[in-house]
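Chains as they are written, first to last, in my numbering: chain R, 4 to 264; chain Z, 4 to 264; chain P, 4 to 264; chain X, 4 to 264; chain V, 4 to 264; chain L, 4 to 264.
Backbone N, C-alpha and C fix where the C-beta goes; we use that ideal spot for every residue, glycine too.
Note that the structure is predicted; figures quoted are calculated from it, not measured.
Number of protein chains: 6
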Amino acid sequence: MLIKLINPNTTSSMTELMGGAARTVAATGSEIVLATSRSGPASIEGHYDEALSVVGVIDEIVRGEPADAYIIGCFGDPGLLAAREITTSPVLGIAESAMHAATFVATSFSIVTTLERTRIISEHLVRSYGMQNHCRRVRATDVPVLDLEKPGSNADAAILAECEKALMEDHAGAIVLGCAGMASLAARLQQRLGVPVIDCVAAAVKFAEALVGMGLRTSKVGDLAFPLPKAYAGKLSDYAPTSLRLHNSQSLAGPATSVRS
Amino acid sequence: MLIKLINPNTTSSMTELMGGAARTVAATGSEIVLATSRSGPASIEGHYDEALSVVGVIDEIVRGEPADAYIIGCFGDPGLLAAREITTSPVLGIAESAMHAATFVATSFSIVTTLERTRIISEHLVRSYGMQNHCRRVRATDVPVLDLEKPGSNADAAILAECEKALMEDHAGAIVLGCAGMASLAARLQQRLGVPVIDCVAAAVKFAEALVGMGLRTSKVGDLAFPLPKAYAGKLSDYAPTSLRLHNSQSLAGPATSVRS
Amino acid sequence: MLIKLINPNTTSSMTELMGGAARTVAATGSEIVLATSRSGPASIEGHYDEALSVVGVIDEIVRGEPADAYIIGCFGDPGLLAAREITTSPVLGIAESAMHAATFVATSFSIVTTLERTRIISEHLVRSYGMQNHCRRVRATDVPVLDLEKPGSNADAAILAECEKALMEDHAGAIVLGCAGMASLAARLQQRLGVPVIDCVAAAVKFAEALVGMGLRTSKVGDLAFPLPKAYAGKLSDYAPTSLRLHNSQSLAGPATSVRS
Amino acid sequence: MLIKLINPNTTSSMTELMGGAARTVAATGSEIVLATSRSGPASIEGHYDEALSVVGVIDEIVRGEPADAYIIGCFGDPGLLAAREITTSPVLGIAESAMHAATFVATSFSIVTTLERTRIISEHLVRSYGMQNHCRRVRATDVPVLDLEKPGSNADAAILAECEKALMEDHAGAIVLGCAGMASLAARLQQRLGVPVIDCVAAAVKFAEALVGMGLRTSKVGDLAFPLPKAYAGKLSDYAPTSLRLHNSQSLAGPATSVRS
Amino acid sequence: MLIKLINPNTTSSMTELMGGAARTVAATGSEIVLATSRSGPASIEGHYDEALSVVGVIDEIVRGEPADAYIIGCFGDPGLLAAREITTSPVLGIAESAMHAATFVATSFSIVTTLERTRIISEHLVRSYGMQNHCRRVRATDVPVLDLEKPGSNADAAILAECEKALMEDHAGAIVLGCAGMASLAARLQQRLGVPVIDCVAAAVKFAEALVGMGLRTSKVGDLAFPLPKAYAGKLSDYAPTSLRLHNSQSLAGPATSVRS
Amino acid sequence: MLIKLINPNTTSSMTELMGGAARTVAATGSEIVLATSRSGPASIEGHYDEALSVVGVIDEIVRGEPADAYIIGCFGDPGLLAAREITTSPVLGIAESAMHAATFVATSFSIVTTLERTRIISEHLVRSYGMQNHCRRVRATDVPVLDLEKPGSNADAAILAECEKALMEDHAGAIVLGCAGMASLAARLQQRLGVPVIDCVAAAVKFAEALVGMGLRTSKVGDLAFPLPKAYAGKLSDYAPTSLRLHNSQSLAGPATSVRS
């Protein structure tokens with residue numbers, strides 16, 4: 004099984020970090036292919052960064068060898084539904100994966116994320132995914148994304164402190180780490196805190212394997228059907244659906260009108 | 004990895020049917036152990052049946068070899084939170100598993116279940132799991148649970164008809180089959196309907212593998228901590244927490260006050 | 004009118020305490036029959052205790068003289084819907100009764116309950132009963148249920164302190180005491196706090212009288228219809244619906260298919 | 004116990020009809036005092052009628068002998084919170100009473116009301132009272148309120164037809180009759196339909212008795228405290244809180260700042 | 004364009020204050036006509052005051068020259084739906100206007116209002132208007148409405164302090180001032196706080212102009228159709244719909260049955 | 004006042020159509036500048052089209068003369084929050100504008116939109132904007148966006164038919180036309196249907212004028228602050244926040260840390 008893990012930001016060291024987390028949990032027989040976005044922001048810390056990162060995500064879905072599943076490796080799940088339109092393989096966001104995982108092992112969780120300004124993005128996702136009653140609070144540490152990699156930063160201490168508040172003040176039963184860059188911290192925090200600490204990259208890898216193993220593929224009826232053929236102009240003319248390499252060989256059979264060949 | 008699949012009803016032919024679905028999708032290295040409840044209803048078709056089935060579910064969690072994960076094989080997910088209290092291994096309901104799976108491959112789904120009288124049980128679960136915005140409708144076929152196994156019944160036709168209505172009237176992008184006894188129908192229906200059709204047993208098996216693979220165990224802080232030691236009386240005296248065989252060896256470390264030895 | 008007040012735990016002193024609260028408010032002509040569960044936990048402080056208490060609740064509904072209404076005397080309302088299936092008489096939970104009562108005399112309330120670990124149970128009930136906009140907060144005192152009876156415990160002080168916080172911090176207009184064992188405190192707290200303090204047992208008794216007085220009986224159409232006849236196995240074989248003594252003489256007339264004789 | 008049943012419209016024949024329903028269910032020792040509004044609309048069939056009916060409701064609360072409880076006898080519950088501010092006795096709306104009653108005997112209900120234009124009023128109440136998950140649908144019959152009394156009208160047939168649709172299409176487990184003028188139909192419809200049919204007047208009377216019996220009085224802390232003293236001008240100058248006869252003798256003790264003498 | 008700004012309380016100095024705010028933002032060609040209620044409370048600080056203020060609001064809508072739009076100048080939006088029934092011109096509440104405005108310039112806001120006892124009124128409006136996910140918190144300053152005009156009061160300082168808490172504790176992106184009497188503070192607070200501070204009167208004026216400019220008029224199909232003709236009794240007999248001067252000349256054409264001439 | 008109306012698709016004839024609708028309602032003194040996206044899809048009919056249209060929207064916000072307000076002229080409101088990050092001027096989506104407008108003139112509305120596959124996009128917006136209780140239903144006509152301009156298409160008839168169903172079946176009090184391309188139909192449909200029919204382009208123009216007239220600018224505290232400075236790679240390197248021309252001269256003063264110069 005080939006799982007393509009796409010880092011929607013252009014910082015390849017972060018891709019490597021995610022890749023490490025992914026390979027640690029990948030099953031025998033799962034091949035993790037890493038991809039770093041080639042266009043867009045070096046880190047994703049707001050609506051603007053997120054919106055501009057989608058082009059790079061799309062690129063990585065349509066280029067290279069088709070994968071059995073795709074993972075979008077940023078906690079904002081940028082471009083998730085757009086990506087689902089252009090492939091029959093499952094596409095997973097790491098935020099949705101982590102939140103769903105948390106609900107299986109605790110009746111409540113809190114999210115510990117990076118900048119205050121990204122908190123609202125997580126809160127929007129909590130509502131989109133129906134997690135309002137499970138998620139106690141989204142907690143921002145005000146640690147910039149790329150500081151997570153810096154040896155001398157106080158990122159670890161800030162994250163631990165916020166996790167402890169989540170247990171004491173929110174009475175959370177589990178912690179969701181709200182950034183792909185926190186992947187390396189999960190095991191240590193879990194040991195320290197004594198509650199499940201969910202690494203979003205690991206959750207996405209295992210759920211991707213699970214969905215492929217169930218034989219599920221993205222629905223091609225309704226809003227996730229392949230994009231309608233039409234012209235695209237200007238610097239995005241290559242993104243016209245008819246120009247995209249869309250892999251459909253294993254798609255679910257369906258009414259001719261809803262699956263474009 | 005040892006996954007124990009518990010049929011909360013006492014009909015062993017249904018256990019076998021579930022077992023078949025489970026083994027079809029289980030990963031190499033996953034051993035599926037089947038257990039049929041030894042006490043309680045022959046089928047679960049209401050709140051009363053469901054409440055009485057919990058004793059048998061508890062029995063199967065505390066007896067025999069400890070498993071790495073437990074699956075409760077009835078679409079009402081009976082006893083789910085109680086079961087989570089008495090083990091550190093993940094415990095999965097098949098209804099929750101199927102609904103979560105559906106959200107990864109479609110933006111909406113409908114549930115097709117058995118008797119009209121069980122519809123409200125599914126609706127309550129939809130709300131508990133935060134699926135109100137994903138689940139378009141719960142559709143009852145009025146097929147009794149045990150008819151699903153009978154060769155001459157019109158169960159298959161009734162289920163197909165209701166699935167087709169789900170696509171036409173609800174505009175559902177996927178179907179969740181709302182009974183463990185429908186496991187054998189999923190592949191055929193998916194082929195016929197051209198949309199993802201989620202078999203709840205398969206979903207639970209793959210998500211159980213995924214959670215174990217992530218290294219997650221049930222939170223023992225808060226409401227899912229081991230039951231407090233106390234006396235149990237009468238015919239349930241064996242169920243006193245101090246009498247249960249509780250496996251804790253791999254539990255998450257945690258504050259002494261919240262994990263009972 | 005005969006009202007059977009069932010204590011789902013096996014501690015008869017707590018039954019007596021509830022009985023006192025019940026008889027204080029019962030109308031002339033209402034006879035309160037007390038029943039202590041004969042099987043299950045000595046106190047109910049979690050999902051597991053609650054699930055195992057249902058058998059004892061069922062027992063008390065089907066044994067002895069049929070009552071005009073049944074009250075389940077634990078703030079988790081264990082087995083409420085199962086119990087409603089097996090009788091045409093109204094069955095009331097004390098948590099639901101108290102919350103409904105609070106909405107008639109205040110636009111907001113907070114719940115003050117016992118252990119932190121039971122908080123989530125109350126929160127689930129708040130949502131099931133549609134009280135999210137009325138209930139400001141569920142507050143745990145971390146007083147064990149059986150300490151409520153102990154003369155030397157600091158239970159009373161802890162409860163008062165939490166009630167005062169509910170007024171100051173939550174701006175609650177009323178207090179719901181979230182445990183049957185707190186029944187004796189309601190009057191004193193109301194005097195002290197100057198807001199309505201709802202004793203859940205009293206609320207259930209008066210609402211039981213009210214429903215019987217309205218001529219209402221539990222719906223036997225849909226999910227609350229009598230359980231379907233079927234075999235029950237093992238130690239629960241006596242619980243097969245066909246083995247239960249079900250009183251139906253005063254049931255609402257209805258379509259033959261939905262009311263089992 | 005003195006219960007004052009206020010008809011917010013000025014049609015005394017409808018007051019009599021309500022009075023009959025009230026007295027049928029009132030307990031021994033409960034005295035039902037009837038009051039017909041002296042100012043405002045002859046029937047209440049919209050937001051405007053409802054808003055203008057509040058003055059008459061207020062009048063009936065402050066005039067005459069103080070009652071132990073007040074009932075506002077229109078399904079829109081006009082002036083409910085305003086009325087609660089000016090008395091320590093419980094004040095009940097018939098819509099809220101009926102909806103709360105329904106939740107005790109069925110897991111779902113539909114409301115059958117009069118004019119299409121009043122449907123939205125009921126829907127707003129459903130949300131205010133947290134009944135969204137219990138109320139399946141509000142069904143309008145387009146029967147004008149005062150036609151309910153007319154012998155030759157087809158009101159009864161229209162209501163029955165809509166109730167039957169509620170059972171067949173909504174799978175409702177109970178019916179709430181959404182107009183005080185339908186009080187006389189409840190028993191017959193219940194007999195005919197085989198499900199609980201809730202008469203809102205009867206529900207309010209029994210719940211009023213229940214609340215008084217629990218010793219509960221309207222909270223005087225927060226928004227339901229007595230109105231602040233201030234001048235009222237023009238034709239409503241008599242409604243200045245200082246001009247009102249406010250009965251406070253049995254009020255809950257409370258902080259001096261929140262209870263006006 | 005003639006916009007009538009109605010102060011539902013009888014304090015004309017507050018009307019003047021609102022008028023100033025209104026005229027500051029009114030477009031060339033918009034004429035602001037001020038009206039002070041002639042009957043009812045001197046200030047509106049509770050459900051009772053609010054309910055009694057509706058008569059004065061209705062008076063001002065039906066008397067004088069017909070306006071192209073009406074504004075109800077109290078943050079509780081008293082009588083909003085009743086007022087909409089009796090005119091085809093748009094009627095705007097200042098609370099709804101301010102909340103809607105806030106959602107265009109920030110993803111979250113907090114409301115800073117006057118008395119603690121009015122907080123629940125704002126919270127009810129937040130829910131009615133679907134603002135639960137946008138409004139972080141309603142904050143009461145416990146400043147009485149009429150103190151807002153008093154030179155020596157500490158009203159300004161209390162409001163500023165609460166606004167600062169809204170930014171620090173609620174992480175609000177904007178402030179909605181929850182009282183018409185705070186109109187004069189908005190500009191200064193915005194300058195001081197560095198976030199949008201919405202004055203509800205200004206918001207209502209500009210949205211009134213906008214709606215008139217779009218050619219929209221109040222729907223006369225359904226619950227906002229003109230009141231049905233009927234008798235009104237007693238001191239409100241002049242309020243019978245047939246007695247009202249209802250301006251319909253520019254109404255949307257519609258089915259004869261739903262628009263009363 | 005300069006209002007820039009951006010068509011996120013690249014079809015300039017549709018820009019002209021929108022421009023006509025905009026200029027019809029624009030106030031004296033409002034200058035409408037039209038912009039057609041120079042890159043991306045010819046029409047927007049799905050998540051993929053929408054995500055790819057954001058680049059073109061961003062382009063039009065940062066190029067040319069700074070505007071006092073920006074309108075994103077596609078009913079999916081693509082890139083709305085990203086656009087708000089890069090300007091202090093208000094940015095309005097036409098879907099949000101239309102829905103907010105509808106709530107001022109009716110208690111309920113239905114949306115009539117184009118393709119079935121875009122229905123879910125509208126439903127997501129309904130929830131994001133808190134319109135669940137106001138929006139009765141989203142109705143798809145299955146008319147492709149560009150057919151709206153074609154003389155011989157049956158688009159008009161299909162839209163009218165769906166509007167009529169919205170009135171009859173949904174009991175909607177108003178219609179929101181869910182596509183910028185339907186702008187020219189609003190007046191005729193309103194005349195025909197007798198209820199408010201909201202043209203989303205007109206609504207956005209008038210609300211843009213209103214917000215500018217209130218002196219409101221986009222909050223620069225929290226998630227809508229200017230994007231953090233950072234590198235952007237590849238074909239999007241020009242989109243690095245430091246490369247963008249960001250107009251801040253009229254921004255709200257604020258803490259130095261949250262407003263980037």
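Taking the beta carbon of ARG130 of chain Z as reference, the chain X residues within 8 Å of it are ASN136, listed in sequence order. A straight-line Cα-Cα distance of about 16 Å links CYS77 of chain P and TYR132 of chain P. Within the same chain, Cβ atoms closer than 8 Å to the Cβ of THR110 of chain X are found at HIS137 and GLY176, the five residues on either side in sequence being excluded. Residue ranges of uninterrupted alpha helix (DSSP H) with 4 or more members, entirely inside the region 198-245 of chain R and ordered along the chain, are 203-216.
Under the three-state reduction of DSSP output, GLY59 of chain P falls in the helix class. Note on geometry: alpha-carbon atoms of PRO81 of chain X and LEU227 of chain X lie some 16 Å from one another.
Between the region 7-23 of chain X and the region 34-43 of chain X, the count of C-beta pairs closer than 8 Å reaches three or more; the two stretches touch. Using a Cβ distance threshold of 8 Å, ILE114 of chain X and VAL94 of chain X do not count as a contacting pair. The DSSP-derived three-state label of GLY79 of chain L is coil.
A distance below 6 Å between beta-carbons, with the five flanking residues on each side excluded, links PRO232 of chain V to the following residues of its chain, in chain order: PRO244 and THR245. Between ARG120 of chain R and GLY216 of chain R a beta carbon distance of about 38 Å is seen, past the 8 Å cut, so the two are scored as non-contacting.
For the options X:ALA98, X:ALA24 and X:PRO154, the alpha carbon positioned closest to that of HIS127 of chain X is the one of X:ALA98. Bounds of the beta strand (DSSP E) holding GLY96 of chain Z are 94-96. Interface with chain Z (8 Å Cβ-Cβ cutoff): SER111 of chain X is included.
At a C-beta separation below 8 Å, HIS174 of chain P has these neighbours in chain V: GLU119 and ARG122. When the beta-carbon positions are compared, ALA213 of chain R and LYS209 of chain Z come within less than 8 Å of each other.
In the same chain as ASP173 of chain X, and ignoring 5 residues on each side of it, the C-beta atoms closer than 6 Å to its own belong to SER113, ARG139 and ARG140, in chain order.
Per the coordinates, the alpha-carbon of SER15 of chain L lies some 12 Å from the alpha-carbon of ALA236 of chain R. Secondary-structure assignment with DSSP links PHE112 of chain X through a beta bridge to X:CYS138. Restricting attention to R:LEU163, R:THR31, R:ALA24 and R:ALA143, the CA atom closest to the CA of LEU5 of chain R is found in R:THR31. Taking each of R:MET185, R:VAL198 and R:PRO147 in turn and checking the Cα distance to GLU167 of chain R, the smallest one comes out for R:VAL198. In this structure, the straight-line span from the alpha carbon of LEU55 of chain P to that of VAL57 of chain Z is close to 8 Å. The C-alpha of THR144 of chain Z lies about 53 Å from the C-alpha of ASP159 of chain P.
Inter-residue distance for PRO154 of chain X and GLY184 of chain X is about 13 Å (C-alpha atoms, whole angstroms).
Taking the Cα positions, ALA211 of chain X is about 19 Å away from ALA189 of chain X. Residue burial annotation: GLN194 of chain R is exposed, with fewer than 16 other C-beta atoms found within 10 angstroms of its C-beta.
For LEU249 of chain L, the three-state secondary structure derived from DSSP is coil. Residues of chain Z whose Cβ lies closer than 9 Å to the Cβ of ILE114 of chain P do not exist, since the nearest Cβ in that chain is about 15 Å away.
Among the CB atoms of chain P, one or more fall inside 8 Å of the CB of LYS209 of chain X.
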